[in-house]
Every structure is written in structure tokens, then in C-alpha cells.
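Below is one structure, written out as C-alpha cells; the observations come after it.
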Amino acid sequence: MRDFSQDHRWLSINTATVRKSKGADLPLPDIIEACVKRGIRAISPWRDQVQAAGLANVSKLVRTHGLELSGYCRGGMFPAADAAGLKAARDDNRRAVDEAAELRAPCLVLVVGGLPGALQGKAAHKDIALARSQVRDGIAELLDYAKQARMPLAIEPLHPMYAADRACVNTMEQALDLCDELDPKRTGALGVACDVYHVWWDPKLEQQIARAGKERLLAFHVCDWLTPTADLLNDRGMMGDGVIDIPRIRGWVEAQGFAGYSEVEIFSTGNWWQRSHEETLDTCIARHKTVV
Ligand code: ZN
5 MRDFSQDHRW LSINTATVRK SKGADLPLPD IIEACVKRGI RAISPWRDQV
55 QAAGLANVSK LVRTHGLELS GYCRGGMFPA ADAAGLKAAR DDNRRAVDEA
105 AELRAPCLVL VVGGLPGALQ GKAAHKDIAL ARSQVRDGIA ELLDYAKQAR
155 MPLAIEPLHP MYAADRACVN TMEQALDLCD ELDPKRTGAL GVACDVYHVW
205 WDPKLEQQIA RAGKERLLAF HVCDWLTPTA DLLNDRGMMG DGVIDIPRIR
255 GWVEAQGFAG YSEVEIFSTG NWWQRSHEET LDTCIARHKT VV
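Here my numbering = 1-based position in the sequence shown + 4.
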């Protein structure tokens, strides 16, 4: 297992972590500047942040600074209530692949979606099996497009508390079943994003990480699970402030040969987004060395 204690060369910042500074929106160019200033070598930006700053502008900034990406957030949201919705998802996902390629991301992260309409407050139906089959079909279709763009797709299983509104793929096992079905030859075109926040509780986690292997471990996300958790979406903890044994999970991932970035992804309306982004980034660096 790599020694992170001496430096932060394997730290990546998911830019949602500092999307707000002292409660105010922080534009992506400012985030990039603050990361570069601290010797942070990689980021994982969100599409809305890229769009706000302009794709060409962000692409230029990334290249000028020699920044790497550890992923691009995000594609997915495949299920829909009608044909027009399915087509809109397909088209949007293709654009996400194109953007990821322009930014030279190593993978496009997929948050696959749940029951259509649930995220907006009213689910169109209760058939989660149907949603899962639409996810399967959506990934299968996008995979063809992504292969041509040489952009790997990373399915991110989300904690089951998000099954209704954000992702009906909830375990590594489920995500890897999809990988086995859609990319049986393990070409590297399809894999998983392993986010400790979503999977730390899973009794099969070690076994499924081993099943994934190096070819399918495309991203590793860290933060912490707070007790109590005040908000299901936006109360993620800083590494070391919660109950996840992050080094143990990183050890399992690296035992498979994963040698990429450890990406900090914290959504925190009540705490970190209220602090200055400088403090948040400095804390990420410190915790990366001590508790990741
Ligand atoms: Zn994640």
C-alpha cells in the first residue's frame, strides 16, 4: 500500500468539495487556481461547474497548469418515464462523454438514476426493476459511443438510501454484475468508481473489490460517514471525522493494483461549504496524509 504520509501527490479534489466558500459559490477557475497553488495535481470537476466557466476555458486552464483529472462528474440518470426522456438522457450522456474526452478525463463517472421523477419530488412509478433494466440498456448503448471516444465509463454504486432518486445500483456487486454482462472481456471500457461513503458498510466489500480487479477499479473516492448524519445528501464528513476505516478500504483497492488518485468528494452544506475553500483544501491535504 502506498505511503501517503509524506506528500499529497495522490490527492485529487472533487470540485464539489469546494463548490462553495463561506457559503458563496466558488467558480471553477478559482478552485483550479487554489488547487494549483497548493500543489494539488488532480481534480474531478462537475459538469455544471465546467459549463458555468466554459468548456474551452476549463480545458485550457487544465492544460496550462498540467493538471490531471481523476474523473469527470457525471453522466447517468438513465431511467425515464417515456421515450422522449430516454432519448434526452442518451443525448446528454453522449455530450458528457465528449466533454470528458476534451478534458482528458480517465473516466466518466455514472450516477445511474433511480425512479424517474423521484429526484424532482414525484416518482412516475414504483417499478425499480424497470428502472434497473433501463439503466442496463442505457449503459449498454452509451458504452458503444464511449468506446469510440476511448472514454471508460465508471459506474458508481450509491448507498441504498439513494435508490429512489439518484441511483438504483447500490452495491459493488450490482455494478460488477453489469460490468460482467456488458463488458465480459474486461477491456477496461467499463468499470466502477469505489466511493467509501457509499460502500463502506457492505459485508461483501472486500470480496467485490477483489472481483473488480485492477481493470475495473477506475476511481477511488473518499470522505467520511458522520454519526449522526444530518442530511442524506449534503452532510458528508471530512476524512477522519467519521466511522469509515478508509486505510483498510484503500488497502483492498491497492492490493488489486489500483494506483490512481484518492479523490476527496465532500458535500457539506452546514460545515465545509460554510468555511473558506482555503481552509477546506488545507484540511483535505492534512487528512490525506494522516487518515487516508
Ligand atoms: Zn463519489
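Virtual Cβ for every residue (Gly too), placed ideally from N, Cα, C.
Exercise for review: Return the CA-CA distance between Gly125 and Ala109, expressed in angstroms with no decimal places.
Suggested key: 32 Å
Practice item. Please find out if some non-hydrogen atom of ligand 1 comes closer than 7 Å to the beta-carbon of Asp199. Key: yes
Practice item. Say yes only if the C-beta of Glu210 is nearer than 7 Å to one or more non-hydrogen atoms of ligand 1, and no if none qualify. Key: no
Point to revise | Separation of Gly264 from His225, as counted between CA atoms | key: 11 Å
Exercise for review: Starting from Arg254, trace the alpha helix (DSSP H) both ways and give me its first and last residue.
Suggested key: 250-259
Point to revise | Outcome for Gly27 when other beta-carbon atoms lying within 10 angstroms are tallied against a minimum of 16 | key: exposed
Exercise for review: Identify, in the order they occur along the chain, each residue of the same chain with its Cβ nearer than 7 Å to the Cβ of Ser63, setting aside the five sequence neighbours on each side.
Suggested key: Glu106, Leu107
Review point. Does any C-beta atom of chain C lie closer than 8 Å to the C-beta of Glu145?
Key: Absent from the structure is chain C; it holds one protein chain and no more.
Check your understanding: Is any heavy atom in ligand 1 found nearer than 7 Å to the beta carbon of His225?
Key -> yes
Check your understanding: With respect to 7 Å, is the separation between the Cβ of Glu103 and the closest non-hydrogen atom of ligand 1 below this value?
Key -> No, the Cβ of Glu103 stays beyond 7 Å of every heavy atom of ligand 1.
**Study point:** Near ligand 1: Glu269 beta-carbon under 7 Å from a heavy atom
**Key:** yes
**Study point:** Alpha carbon of Lys87 to alpha carbon of Gly70, nearest angstrom
**Key:** Reading off the sequence shown, one finds Ala at residue 87, where the question assumed Lys. Distance between the alpha carbons of Ala87 and Gly70 is about 42 Å.
Practice item. Thinking Ser266 and Leu15 are a contact (beta carbons under 8 Å), I'd like their distance in whole angstroms, please. Key: 6 Å
Review point. Just to confirm, does Glu160 get its C-beta within under 7 Å of one of the non-hydrogen atoms of ligand 1?
Key: yes
**Study point:** Local Cβ density within 10 Å of Val247, reported as buried at 16 or more and exposed below that
**Key:** Of the residues assessed, Val247 falls on the exposed side of the cut-off, its CB having fewer than 16 other CB atoms within 10 angstroms.
Review point. Should Ile289 and Gln260 be called a contact, given that it needs their Cβ atoms to be closer than 8 Å?
Key: no
**Study point:** Contacts around Val139, its chain only, beta-carbon distance under 6 Å, and the 5 residues preceding and following it disregarded
**Key:** Phe82, Val116
Review point. How big is the Cα-Cα spacing for Asp96 and Pro232?
Key: 36 Å
Review point. Thinking C-alpha only, which one of Arg45, Gly142, Cys77, Trp50 is nearest Thr68?
Key: Arg45
Review point. Looking at Arg220 and Gly195, is the spacing between their C-beta atoms short of 8 Å?
Key: yes
Review point. With a Cβ-Cβ cutoff of 8 Å, do Leu119 and Ala127 count as a contact?
Key: Yes.
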